Amino acid sequence: MIDLAKELSTALNPAIFIEVPSSDTATLVAGFGGVLLGGVISWLLGISSQRHARALAAAERTELEKATTIRTMLKIQEITNGYYTNLLYIQNSLRRANADRQLHHPLWQLVKPAIGGPAVHPKFESKDFEMFIRAGRADLIDRATMLSLRYESTALSFQFYSDRRSALQDVLAPHSVVDPSTGMATTVIPPELRALFEMKSQELNDLIRECYKLVRIDFNEALALCEDINLAAKAYFNDPKLFTLTIPSERE
């Protein structure tokens, strides 16, 4: 049976067919493919750019951390050198006394006043120890800060000794005679100065002996700390060529 209504509708509204040449079809598909591929490439480039930026930022942070660590190491090097200088000063005095056969004299008579000590001592701040904190080496932080405090105390004691010895030397100068051939001074203590001389000489001797004792102990601690920090820093940064603290070859 023929559906007249359907036939009439079809006749009045004929279907419209569009023919697209095969070449145009290929161009259309290629266009969509190009847009899709371009988006993928842009996405990949974006990821690569982000990764590159993160890598640069990480490298910059590492270099900044290295610079901070090296500054901290230089402060420790300065402390170690200060201990070494004080220790060498006393030891050279003893060597000279031994060569002159004067070792039987009290230590304060052998160690002359030091001139030109450091006016400013290295001090640490919390930011100096960022690497030590991240590396989980709180023990190195404790040792470095304690060594710094002891260094300042010892340096002040040594300066105090030098000032007090110079003052006593000034008091005794009018009663002293220097042998030009040897440079040795002979002092005759007048009766009115004997009590003062004995008190001051005992004070000076106790002071320089204590300084000598502490300098030897702390210098060895400074050497050990330098060695441990060298190892910790190289391990943390995984850089065997990282700046290394110089350690004197001789230990007390």
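This note's numbering applies: residue 6 is where the sequence shown begins, and numbers increase by one.
For every residue, glycine included, the Cβ atom is placed at its ideal position computed from N, Cα and C.
Being a predicted model, the structure only gives us computed values, none of them experimental.
A Cβ-Cβ distance of about 6 Å is found for the pair residue 112 and residue 210, placing them in contact under the 8 Å criterion. Contact check for residue 237 against residue 140 passes: the beta carbons are separated by less than 7 Å.
With contacts defined by Cβ atoms closer than 7 Å, residue 166 and residue 213 form a contacting pair.
Sixteen is the threshold: since fewer than 16 other Cβ atoms of the shown chains lie within 10 Å of the Cβ of residue 196, the residue is exposed. For residue 217 and residue 66, the gap between their C-alpha atoms comes out near 43 Å.
If you check the CB distance, residue 102 and residue 93 do not come in under 7 Å.
Its chain contains 248 as the residues whose beta carbon lies nearer than 7 Å to that of residue 75, once the 5 sequence neighbours on both sides are disregarded; these appear in chain order.
Across the set 135, 125 and 160, the C-alpha of 160 shows the shortest separation from the C-alpha of residue 219. The Cβ atoms of residue 171 and residue 127 do not sit closer than 7 Å to each other.
In this structure, the alpha-carbon of residue 184 lies about 11 Å from that of residue 192. By the 16-neighbour rule on beta-carbons within 10 angstroms, residue 207 is exposed. With a cutoff of 7 Å on beta-carbon distance, residue 153 and residue 137 are scored as not near each other. The bridge partners DSSP lists for residue 193 come to none.
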